[in-house]
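Engineer: Oh and the sequence shown: position 214 is 214 in our numbering, straight run, nothing missing.
Idealized CB from N, CA, C, for every residue including glycine.
Have a look at the structure that comes next, please.
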Amino acid sequence: MLRLAFVFPGQGAQFVGMGKDLAEEFNEVRKVYDLADEVMGFPLSKICFEGPPEVLNKTEITQPAVLTTSIAIYELLRDHGINPVMAAGLSLGEYSALVSSGVLRFEDALRIVSRRGRIMQEAVPEGKGMMAAVLGLDNATIERTCQEAACKGIVNIANYNCPGQIVISGEREAVLEAIKLLKDKGAKAVPLAVSVPSHSRLMEGAAAALRKELNGINWSSPAFPVISNTEAREIQPSDLPEILVKQIYSPIKWEQSVILMADKIDFFLEVGPGKVLSGLIKKTARSKPVGNVGDTASFKRTLAQLKEAEQ
């Protein structure tokens, strides 16, 4: 029996049309979207399927939309007897992982991530924050460079994505200074088109507001382990909700989480829109097979891929 790790994408994976063909073909997928529409009180499914993109890309819409698409696909896999032995998610994707393991009710997760998106958007005035991708330098050099650029304000590593790919986040002037210094050291540094400086100390105020939302949640025991992407270790019931509060202002250790999971599983399966995580995993755990399910074609391809891998 293949030991599968399900990994769930975060914000940025969304696109107009996500989940549409699956919802048209599979009733179990449609049911998840219908429930999301009911909980949210507006046709979230229509925004996922038809857009417009300027609405889908609003943070408070994006987050429940990505969560819903991921859980709809998870339910499809589960109904076809495809189950993980562990799960993880990138930033927002950690909520999908917790829902999949039974720790968090889908309905509660929808409300939380919608509020989370609004809290994050309101935490920092537009134009004050900035994020940038950094390619081609080792982690230690980037960490030191952020410290050098701190004379201009707050800047820190936000994401350890995979070997040679880091994201930095913080105040605009400090991030721009870090970009300049990193380029001088031979890195490629590219500003990202995002409105929120996620996973930086600028989000500490947002974390306090999120804590209030999370304190009223009833957490259940997991059906399988979920790996924390800020700690790169298995989440324990006693960690909740604080580990999700910490996530909003702390670096995401995705590379380290993948390395941890790779020792315990046979196959990574990205569950949700896009293929970003698949690409990162291939650069981190090169010996492990990776698949993804984001639409009908990839679902059928994955069924064949898993059947072949089991033989």
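1. Scan the stretch 163-228 and note each continuous beta strand (DSSP E) run of 3 residues or more that stays entirely inside, going in chain order.
2. What are the partner residues of leucine 5, as DSSP defines its beta bridges?
3. Taking three-plus beta-carbon pairs below 8 Å as touching, is the stretch 155-166 in contact with the stretch 113-122?
4. If I measure Cβ to Cβ from lysine 185 and keep anything under 8 Å in the same chain, skipping five residues before and after, which residues do I get?
5. Would you give the residue range spanned by the beta strand (DSSP E) that glycine 129 belongs to?
6. Alpha carbon to alpha carbon, how far is aspartate 21 from glycine 315? Give it in angstroms, no decimals.
7. Once you ignore the five residues that flank lysine 246 on each side, which residues in its own chain have a CB closer than 8 Å to its CB?
8. Mapping the DSSP letters down to three states, classify alanine 309 as helix, strand or coil.
9. How big is the Cα-Cα spacing for alanine 193 and glutamate 177?
10. When we look at the beta-carbon of proline 251 and count the other beta-carbons within 10 Å, is it buried (16 or more) or exposed?
11. Within 10 angstroms of its Cβ, does lysine 253 collect 16 or more other Cβ (buried), or is it exposed?
12. Across the stretch 200-216 and the stretch 59-72, are there enough close Cβ pairs to call them in contact, namely three or more that are closer than 8 Å?
13. Can you look up isoleucine 154 in the DSSP assignment and give me helix, strand or coil?
14. What does DSSP give as the partner residue(s) for valine 293 in the beta ladder?
15. May I ask you to report which of helix, strand or coil DSSP gives tyrosine 249?
16. Does DSSP classify glutamate 28 as helix, strand or coil?
17. What are the boundary residues of the alpha helix (DSSP H) that includes valine 16?
18. Proline 9: which of Leu2, Gly294, Arg301 sits nearest, CA to CA?
19. Note down, in chain order, each residue of its chain lying with its Cβ closer than 6 Å to the Cβ of leucine 240, except the 5 sequence neighbours on either side.
20. By the 10 Å Cβ neighbour count, where 16 or more other Cβ atoms means buried, how is asparagine 156 classified, buried or exposed?
21. What residue range is occupied by the uninterrupted alpha helix (DSSP H) comprising glycine 279?
22. My understanding is that alanine 88 touches alanine 5, with C-beta atoms under 8 Å, so please give their C-beta distance in whole angstroms.
23. Flag this pair as yes or no: are the beta carbons of alanine 97 and valine 290 separated by less than 9 Å?
24. My output table needs one value for arginine 105: the three-state DSSP class, helix, strand or coil.
25. Thinking C-beta only, is leucine 56 closer than 9 Å to phenylalanine 26?
26. Quickly, what does DSSP pair tyrosine 95 with across the bridge? List them, please.
27. Could you check what DSSP says for glutamate 234 in three-state terms: helix, strand or coil?
28. With a Cβ-Cβ cutoff of 9 Å, do alanine 13 and glycine 272 count as a contact?
29. Short of 6 Å in beta carbon distance, which residues of its chain neighbour glutamate 60, apart from the five on each side in sequence? Order them along the chain.
30. Which residue from Ser91, Ile154, Glu171 puts its Cα closest to that of leucine 277?
31. Does the beta-carbon of alanine 36 have 16 or more other beta-carbons within 10 angstroms, so that it is buried, or is it exposed?
32. What is the DSSP secondary structure of asparagine 139, counted as helix, strand or coil?
Structural biologist: In brief:
1. 165-171, 188-191, 226-228
2. Correcting the residue type first, residue 5 is alanine in the shown sequence and not leucine. In the DSSP output, where bridge partners are listed per residue, alanine 5 has Met86, Phe268.
3. no
4. Leu137, Thr141, Thr145
5. 129-135
6. In the structure displayed, the chain extends from 1 to 311; residue 315 sits before or after that span and is not available.
7. Ala207, Thr230
8. helix
9. 18 Å
10. buried
11. buried
12. no
13. coil
14. Val271
15. coil
16. helix
17. Taken as a continuous stretch (DSSP letters only), valine 16 belongs to no alpha helix (DSSP H), as it is neither H nor E.
18. Gly294
19. Trp219
20. buried
21. 276-284
22. 7 Å
23. no
24. coil
25. no
26. BP columns for tyrosine 95 are empty, so no partner.
27. strand
28. yes
29. Ser114, Gly117, Arg118
30. Ser91
31. buried
32. helix
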